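These protein sequences, in sequence, are chains H and W.
The opening residue of the first sequence carries number 1 in the numbering used here; numbering runs sequentially from there.
The opening residue of the second sequence carries number 1 in the numbering used here; numbering runs sequentially from there.
All C-beta atoms, glycine included, are put in the ideal place defined by N, C-alpha and C.
Source: prediction; values computed, not measured.
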Amino acid sequence: MFDLFSDPVKVAQQMEIIFSEYGFAIWETMYALVLEVIFAYVVGLPLGVLLVTGEKEGIRPMPGWMMKTLNIVINLLRSVPFLILMIIVLPLSKIIVGTKVGTPATIPPMVIAAFPLVARMVESSLREVNHGVIEASQSMGASTWQIVTKVLLPEALPSLISGGTITVGTILGYGAMAGIIGGGGLGKMAINYGYYNFKYLVMWAAVIGLIILVQIFQSVGTKLAQASDKRLRNRN
Amino acid sequence: MQPIIEIKNLSKVFGSGDGKVAALQDVSVAVQPGEIFGIIGLSGAGKSTLVRCINLLELPTEGQVLFHGQDLTGLKDKELRMQRRKISMIFQSFNLLDQRTSLDNICFPLELAGVSRKDARKRAMELLEIVGLPDKANSYPVQLSGGQKQRIAIARALASDPEVLLCDEATSALDPTTTDSILKLLQKINRERGITVIIITHQMSVIEQICHRVAILDAGQVAEIGEVESVFSNPRSAAGRRLVSPEMALPFTEEDGPIARIAFNGNASEEPIIASLALDLGIKVSIMGADTRNIDGKAFGTMLISLPTDSEQKQKVMQYLKSHPGVTAEEVQ
Ligand SMILES: Nc1ncnc2c1ncn2[C@@H]1O[C@H](COP(=O)(O)OP(=O)(O)O)[C@@H](O)[C@H]1O
Ligand SMILES: [Mg+2]
Numbered sequence: 001m002f003d004l005f006s007d008p009v010k011v012a013q014q015m016e017i018i019f020s021e022y023g024f025a026i027w028e029t030m031y032a033l034v035l036e037v038i039f040a041y042v043v044g045l046p047l048g049v050l051l052v053t054g055e056k057e058g059i060r061p062m063p064g065w066m067m068k069t070l071n072i073v074i075n076l077l078r079s080v081p082f083l084i085l086m087i088i089v090l091p092l093s094k095i096i097v098g099t100k101v102g103t104p105a106t107i108p109p110m111v112i113a114a115f116p117l118v119a120r121m122v123e124s125s126l127r128e129v130n131h132g133v134i135e136a137s138q139s140m141g142a143s144t145w146q147i148v149t150k151v152l153l154p155e156a157l158p159s160l161i162s163g164g165t166i167t168v169g170t171i172l173g174y175g176a177m178a179g180i181i182g183g184g185g186l187g188k189m190a191i192n193y194g195y196y197n198f199k200y201l202v203m204w205a206a207v208i209g210l211i212i213l214v215q216i217f218q219s220v221g222t223k224l225a226q227a228s229d230k231r232l233r234n235r236n
Numbered sequence: 001m002q003p004i005i006e007i008k009n010l011s012k013v014f015g016s017g018d019g020k021v022a023a024l025q026d027v028s029v030a031v032q033p034g035e036i037f038g039i040i041g042l043s044g045a046g047k048s049t050l051v052r053c054i055n056l057l058e059l060p061t062e063g064q065v066l067f068h069g070q071d072l073t074g075l076k077d078k079e080l081r082m083q084r085r086k087i088s089m090i091f092q093s094f095n096l097l098d099q100r101t102s103l104d105n106i107c108f109p110l111e112l113a114g115v116s117r118k119d120a121r122k123r124a125m126e127l128l129e130i131v132g133l134p135d136k137a138n139s140y141p142v143q144l145s146g147g148q149k150q151r152i153a154i155a156r157a158l159a160s161d162p163e164v165l166l167c168d169e170a171t172s173a174l175d176p177t178t179t180d181s182i183l184k185l186l187q188k189i190n191r192e193r194g195i196t197v198i199i200i201t202h203q204m205s206v207i208e209q210i211c212h213r214v215a216i217l218d219a220g221q222v223a224e225i226g227e228v229e230s231v232f233s234n235p236r237s238a239a240g241r242r243l244v245s246p247e248m249a250l251p252f253t254e255e256d257g258p259i260a261r262i263a264f265n266g267n268a269s270e271e272p273i274i275a276s277l278a279l280d281l282g283i284k285v286s287i288m289g290a291d292t293r294n295i296d297g298k299a300f301g302t303m304l305i306s307l308p309t310d311s312e313q314k315q316k317v318m319q320y321l322k323s324h325p326g327v328t329a330e331e332v333q
């Protein structure tokens with residue numbers, strides 16, 4: 001697997017694959033990633049907010065059974081290994097996106113795997129918000145909606161961005177696994193050519209591509225989180 | 001006059017079963033419009049709980065909170081939120097929004113009330129002038145000192161044009177000089193805008209400096225209530241005495257002999273009394289403890305002196321003290 005360059009013919013062959021498919025693989029990876037992150041937040045963000053505001057001591061307590069159910073469902077989804085979850089959920093893809101193969105088919109399982117993570121991430125970010133500030137807003141007559149949109153989310157923004165960065169990294173990792181069920185992108189490239197066809201050069205190229213993507217997202221995310229944090233001193 | 005805030009038979013119990021804490025028991029307090037009303041007590045006395053019951057951040061277990069005679073505990077959520085805009089609050093830890101500039105912090109309550117961005121900013125700038133920080137409009141809380149943060153918090157509290165300002169240990173996190181300037185600001189706001197101020201504190205000096213009336217809270221109950229001078233110069237409750245002169249609550253032994261407590265209510269200075277006592281009567285007494293403050297040459301507070309053991313001389317001393325204007329004296333041992 002590490003003897004990549006000893007056979008010039010094979011190398012040339014693999015380089016050709018890389019040149020012709022790499023760009024498209026990156027595009028597929030990115031497009032799936034963007035959709036998955038958006039949907040994971042569409043579902044996960046409100047749930048994360050609910051986990052904080054709806055608890056017994058929260059600003060808008062919800063019935064205990066409801067919070068309990070929500071917590072159990074989230075924990076359950078979080079504890080099923082992604083590969084298994086993907087296989088269980090795949091029939092759902094047929095209903096939602098009309099197909100069980102290809103990149104679109106991997107989006108529903110990915111969202112289902114990722115939204116519980118997002119919900120927990122959002123929850124923990126919002127819990128960091130100083131309770132005194134929430135009380136101060138209540139004392140000014142803020143409604144629940146105003147507290148969520150004007151206090152909780154903006155005050156937690158740097159932490160939410162950090163959480164988002166972790167989510168993106170995790171989804172990229174899941175995406176690589178989704179190659180197994182035919183989800184396109186760098187993950188599929190690595191598995192199809194490398195694992196199934198012994199084209200290790202292609203595999204490494206795809207893996208390195210993923211690593212670089214994760215690095216880029218991580219550093220951009222960290223920078224954004226810092227830039228948005230007004231609590232840091234000595235910034236201009 | 002109808003009180004602006006009236007707390008009626010208020011009780012608050014936290015928890016249930018074995019973990020039950022009765023934080024407030026049957027508390028009744030009436031605050032008049034335009035006054036600066038102090039609530040003092042030791043830590044854990046229930047002061048914060050009481051003040052948080054006024055704007056219903058804490059729901060009373062029993063009792064009523066009347067604002068202009070209207071019971072707030074009976075209001076619907078939305079009505080309560082409207083009333084809360086008229087009862088502002090400032091806190092020990094300031095509770096500013098860290099991710100907003102000073103100006104935007106002051107705009108916050110106006111935003112909540114649906115005031116346009118332009119009008120809100122204009123009003124916020126005026127308020128920054130009032131609290132003396134016009135140059136800090138674009139600073140974030142992290143760039144401000146404690147005193148500056150509290151000034152911004154005060155400006156924010158004033159933004160909704162409240163009738164009442166609740167202050168929960170608003171100066172407890174500040175150094176004495178800053179405390180002084182914040183208290184002066186509160187006094188100015190009270191005088192110039194007629195805003196009723198309710199101050200919660202564990203510091204006597206805060207009450208002395210700006211309050212008109214004071215309630216002493218002790219273990220969840222009101223121990224006494226009255227004009228600041230009379231309560232502090234002559235506390236009638238045990239809790240009041242403990243607060244006014246903590247070191248004098250120390251028990252003296254029989255060997256110390258008879259002891260008298262002299263209370264100064266601001267109509268005399270403390271030095272001449274003991275001196276003139278020696279001059280006029282030829283009897284020397286020693287000071288066992290004193291907790292007096294000199295304000296403009298007038299003494300406030302209390303002093304303990306040892307009395308002569310001879311009962312005739314003792315009588316003379318007591319009579320002398322009692323006849324002196326501006327002090328009250330009583331034998332305590
Ligand atoms: N949320 C709460 N849950 C349980 N006990 C509380 C709560 N808030 C206050 N208490 C208790 O009520 C009592 C009064 O507290 P507090 O009003 O904060 O006193 P103070 O402000 O005078 O120091 C204390 O014994 C405190 O432990
Ligand atoms: Mg307190």
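- In this structure, the alpha-carbon of G147/W lies about 55 Å from that of D310/W.
- Listed as beta-bridge partners of F37/W by DSSP are I198/W, R213/W.
- DSSP, read as helix, strand or coil, puts M318/W in helix.
- If you look at E330/W, you'll find it in the beta strand (DSSP E) that goes 327-331.
- Judged by their CB atoms, E111/W and G69/W are not nearer to each other than the 9 Å cut-off.
- For M82/W, the enclosing alpha helix (DSSP H) begins and ends at 77-84.
- Only residues of its own chain outside the window of five on either side were considered, and among them I216, A223, E224, V231 have a CB closer than 7 Å to the CB of G240/W, listed in chain order.
- Per DSSP, K188/W is one residue of the alpha helix (DSSP H) stretching across 176-193.
- In the structure shown, F91/W adopts extended strand secondary structure according to DSSP, grouped into three states.
- The shortest CA-to-CA distance from A153/W to any of L72/W, A23/W, P109/W is the one to P109/W.
- In this structure, L166/W sits near I200/W, with a CB-CB distance shorter than 9 Å.
- As DSSP reads the structure, L10/W sits in a beta bridge with V27/W.
- With respect to the 9 Å criterion, I180/H and L83/H are classified as neighbours on the basis of their beta carbons.
- In the structure shown, Q70/W adopts extended strand secondary structure according to DSSP, grouped into three states.
- When rounded, the separation of the alpha-carbon atoms in G15/W and S43/W is 19 Å.
- Residues Q14, I17, K199, V202, M203, A206 of the same chain have their beta carbon placed closer than 8 Å to that of Y193/H, with the five preceding and five following residues left out of the count.
- Annotation: Cβ neighbours of N55/W in chain H (cutoff 8 Å, chain order): S139.
- Going down the chain, each residue whose beta-carbon is closer than 6 Å to a heavy atom of ligand 2 shows up: K47/W, S48/W, E169/W.
- A Cβ-Cβ separation of about 5 Å places D168/W in contact with F91/W under the 8 Å criterion.
- For I200/W, the shortest separation between its Cβ and any heavy atom of ligand 1 lies below 8 Å.
- Per DSSP, reduced to three states, the secondary structure at A238/W is helical.
- A Cβ-Cβ separation of about 20 Å leaves V151/H out of contact with L158/W under the 8 Å criterion.
- Assigned with DSSP and collapsed to three states, T49/W falls in helix.
- In the three-state reduction of the DSSP assignment, L210/H falls in the helix class.
- With a cut-off of 8 Å on Cβ pairs, the segment 93-109 of chain H is not in contact with the segment 142-150 of chain H, counting fewer than three such pairs.
- Cα atoms of Q333/W and E229/W: separation of roughly 25 Å, rounded to the nearest angstrom.
- Per DSSP, the continuous beta strand (DSSP E) segment holding G301/W begins and ends at 298-306.
- When CB distances to chain H are screened at a threshold of 9 Å, the residues of the segment 97-125 of chain W falling below it are L97, D98, Q99, R100, T101, F108, P109, E111, L112, A113, in chain order.
- G185/H and A225/H have their C-alpha atoms roughly 28 Å apart.
- Pairing G38/W with I198/W gives a Cβ-Cβ distance under 9 Å.
- For F108/W, the enclosing alpha helix (DSSP H) begins and ends at 102-112.
- Straight-line measurement puts the Cα of L133/W at about 12 Å from the Cα of S145/W.
- Going by beta carbons, R85/W and S160/W fall inside the 9 Å limit.
- Shown here, F5/H sits in coil according to DSSP, grouped into three states, outside any helix or strand.
- Here D280/W is not bridged, per DSSP, to any residue.
- A buried status is given to D218/W, since no fewer than 16 other beta-carbon atoms sit within 10 Å of its beta-carbon.
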